[in-house]
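One structure is given below, encoded as structure tokens.
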Amino acid sequence: MLTIPFADGEIEVQAPVGASLFEVAPLPERHTEPHQILSDALEAPHVHQALTELLAPRADRRTVIVVNDATRPTPTGLVLDTLIQRGLLRATATVTGRLRLLIATGAHAAGGPDELAQILGDKNVDLLAPLVRWHDARDAASSVYLGDTPVHTPVWINREVVEADGLILINSVEPHYFAGYTGGRKSLVPGVSGFATIEANHRLALDPTAETLGLDGNPVHEDLMEAAALLPPRPLLSIQTVLDRTHNICAAYAGDLLETFTDAVQAANREYVVDLPHRYDIVVTAAAPPMDYDLYQSHKALENASLAVRPGGALVLVSSCRHGIGDRTFFDLLAASSDPESVLKAVAATYRLGFHKAARLASLAQRHRIMSVTGLSQDTSRAAFLEPFPSLTAALNDAATRLGPNPSILVIPDGCVTVPRVKETT
68 MLTIPFADGE IEVQAPVGAS LFEVAPLPER HTEPHQILSD ALEAPHVHQA
118 LTELLAPRAD RRTVIVVNDA TRPTPTGLVL DTLIQRGLLR ATATVTGRLR
168 LLIATGAHAA GGPDELAQIL GDKNVDLLAP LVRWHDARDA ASSVYLGDTP
218 VHTPVWINRE VVEADGLILI NSVEPHYFAG YTGGRKSLVP GVSGFATIEA
268 NHRLALDPTA ETLGLDGNPV HEDLMEAAAL LPPRPLLSIQ TVLDRTHNIC
318 AAYAGDLLET FTDAVQAANR EYVVDLPHRY DIVVTAAAPP MDYDLYQSHK
368 ALENASLAVR PGGALVLVSS CRHGIGDRTF FDLLAASSDP ESVLKAVAAT
418 YRLGFHKAAR LASLAQRHRI MSVTGLSQDT SRAAFLEPFP SLTAALNDAA
468 TRLGPNPSIL VIPDGCVTVP RVKETT
């Protein structure tokens with residue numbers, strides 16, 4: 068019996084008569100030793116030397132450590148704890164006033180004490196909290212203009228980063244639906260960049276070549292790299308982690324920013340990407356907890372599933388969406404539009420940060436029938452161009468009836484962290 072997660076339980080997948088049913092899943096959970104993986108990465112001779120110099124308690128050098136906020140699963144606390152255990156981050160370095168921990172919020176708001184503890188780890192808070200500053204993308208005075216990228220993105224970067232004598236960037240890498248992958252250069256943009264920078268870069272997500280797993284020719288990624296290149300040269304050490312589907316560290320790399328990002332991308336492919344022989348008539352994708360938090364988060368499962376469905380096929384989203392739609396910016400635009408084409412025209416005419424999510428969902432609805440089994444009301448679902456069904460069985464029977472006899476059905480039980488890759492034939 069094939070089941071997929073829904074809310075706090077599971078639902079059974081029952082294939083219509085004559086249908087062929089297939090399942091794909093990421094690598095199974097396995098036992099790892101996170102501290103050992105991190106230690107191995109940090110103890111390479113050139114990395115250890117760089118960290119020793121960057122974290123030395125010197126009055127003539129200011130080092131800024133850039134870490135993600137709590138919206139990302141990056142194991143920042145474990146990385147910092149490993150630096151402390153290895154004697155690289157010492158209490159004496161935290162009292163000179165020359166070390167800063169900058170939380171890369173992007174366009175998000177600053178967090179409170181609970182979020183800070185989640186980021187740093189409970190046992191590190193007392194030691195490290197005095198060093199913390201929260202990036203504020205909307206505070207123009209806290210950023211410095213470095214120039215424009217070739218596609219005219221104005222690059223504003225947090226003043227603490229620009230004026231630092233040395234940088235340590237801590238991040239995690241996984242597939243991303245329009246930047247290709249998270250991590251690496253994203254510590255700088257959108258992490259510690261100004262609002263105008265973030266908005267201009269995210270607008271590039273409207274380009275059809277901005278896609279999951281795409282780097283070469285991806286305008287979002289290439290703009291991110293161009294923006295990072297505008298940062299004045301100085302010692303910079305990158306620590307990139309890769310997590311498995313349960314957010315345990317399965318790989319870590321330290322050193323040059325581009326090299327560590329490239330290595331982490333390859334590890335992320337091994338962890339998340341599943342090769343398929345062909346596309347399918349129907350793809351069922353489940354946003355498993357915690358990604359079933361809302362529609363905004365669950366959308367990622369649709370983006371991944373779209374890589375495996377044939378043109379004109381059907382996507383079936385299964386998600387409790389237990390907290391509703393999430394961010395209203397994208398939903399309000401969808402709800403105010405009569406059809407997907409109207410959404411795309413509105414976004415092209417006047418772009419605001421968050422509109423890219425509405426445009427991506429509208430684009431999917433243009434290419435595929437999107438069916439849904441969620442906790443959203445029928446009116447809310449239809450406003451987002453999702454066709455609601457009371458059960459997965461009802462959705463599959465309806466899709467099979469419309470698509471014809473003997474449809475192929477692919478089931479992705481953890482759609483937000485499983486990226487299908489189909490070898491296209493010519």
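If you read the sequence shown in the working numbering, its first letter stands for residue 68, the second for the next number, and so on.
All C-beta atoms in this analysis are idealised placements derived from N, C-alpha and C, irrespective of residue type, glycine included.
Buried versus exposed call for residue i [16 or more other C-beta atoms within 10 Å across all chains shown]
| i | result |
| --- | --- |
| Val218 | exposed |
| Lys412 | exposed |
| Ala119 | Going by the sequence as given, residue 119 is Thr instead of Ala. With fewer than 16 other Cβ atoms within 10 Å, it is exposed. |
| Arg436 | buried |
| Lys490 | exposed |
| Asp206 | exposed |
| Thr468 | exposed |
| Thr493 | Note that Thr493 scores 46 on pLDDT, short of 50, meaning its location in the model is unreliable; the coordinates nonetheless yield the value given after this. Exposed, because fewer than 16 other Cβ atoms sit within 10 Å of the Cβ of Thr493. |
| Pro344 | exposed |
| Met438 | buried |
| Arg24 | One cannot answer for residue 24 here, as it falls past the ends of the chain, which runs 68 to 493. |
| Asp75 | exposed |
| Pro242 | buried |
| Thr279 | buried |
Assumed close pair residue i, residue j - CB separation to whole angstroms, cut-off 8 angstroms
| i | j | result |
| --- | --- | --- |
| Gly144 | Leu194 | With a Cβ gap of about 12 angstroms, Gly144 and Leu194 do not count as contacting. |
| Glu182 | Val478 | Not quite, the Cβ-Cβ distance comes to about 35 angstroms (not below 8 angstroms), so this is no contact. |
| Gly258 | Ala171 | 3 angstroms |
| Leu369 | Thr352 | 6 angstroms |
| Ala354 | Cys483 | 5 angstroms |
| Ala296 | Ala318 | Incorrect: roughly 26 angstroms between the Cβ atoms, too far for contact. |
| Asp232 | Thr141 | Contact doesn't hold; Cβ gap of about 24 angstroms is too wide. |
Residues bridged to residue i (per DSSP)
| i | result |
| --- | --- |
| Phe89 | Leu477 |
| His423 | Bridge partners of His423: none, in fact. |
| Asp342 | Arg488 |
| Ser404 | Answer is none; Ser404 lacks a bridge partner. |
| Ile59 | The requested residue 59 is not part of the displayed model; the chain covers only 68 to 493. |
| Ala319 | Thr308 |
| Asn238 | Gln307 |
Sequence-distant residues of its chain with Cβ nearer than 6 angstroms to residue i (five each side left out)
| i | result |
| --- | --- |
| Asn315 | Thr99 |
| Ala554 | In the structure displayed, the chain extends from 68 to 493; residue 554 sits before or after that span and is not available. |
| Gly391 | Asp361 |
| Arg342 | Checking the sequence, you will find Asp at residue 342 rather than Arg. Excluding sequence neighbours, Asp342 sits near Arg488. |
Own chain, CB closer than 7 angstroms to residue i, minus 5 neighbours either side, in chain order
| i | result |
| --- | --- |
| Glu77 | Thr70, Ile71 |
| Gly250 | Asn238, Ser239, Val240, Gln307, Phe328, Ala331 |
| Thr220 | Thr264, Ala267, Asn268, Asp290, Ala294 |
| Thr149 | His102, Leu105, Ser106, Leu109 |
| Leu400 | Val410, Ala413, Phe422, Ala425 |
Neighbourhood of residue i by C-beta distance below 8 angstroms, restricted to the same chain and skipping five residues each side
| i | result |
| --- | --- |
| Ala184 | Val192 |
| Asp481 | Pro72, Ala92, Pro93, Arg312, Ala353, Ala355 |
| Asn14 | It is not possible to answer for residue 14, since the shown part of the chain is limited to 68 through 493. |
Please specify which runs of the beta strand (DSSP E), each continuous and at least 3 residues long, are wholly inside the stretch 271-312, giving them in chain order. The qualifying runs are 303-310.
Please give me, in chain order, every unbroken run of the beta strand (DSSP E) with length at least 3 that falls completely inside the stretch 350-400. Runs found: 376-386.
Going along the chain, which unbroken runs of the beta strand (DSSP E) with 3 or more residues stay wholly within the stretch 102-161? The stretch 102-161 is shown to contain whole beta strand (DSSP E) runs of 3 or more residues at 130-135, in chain order.
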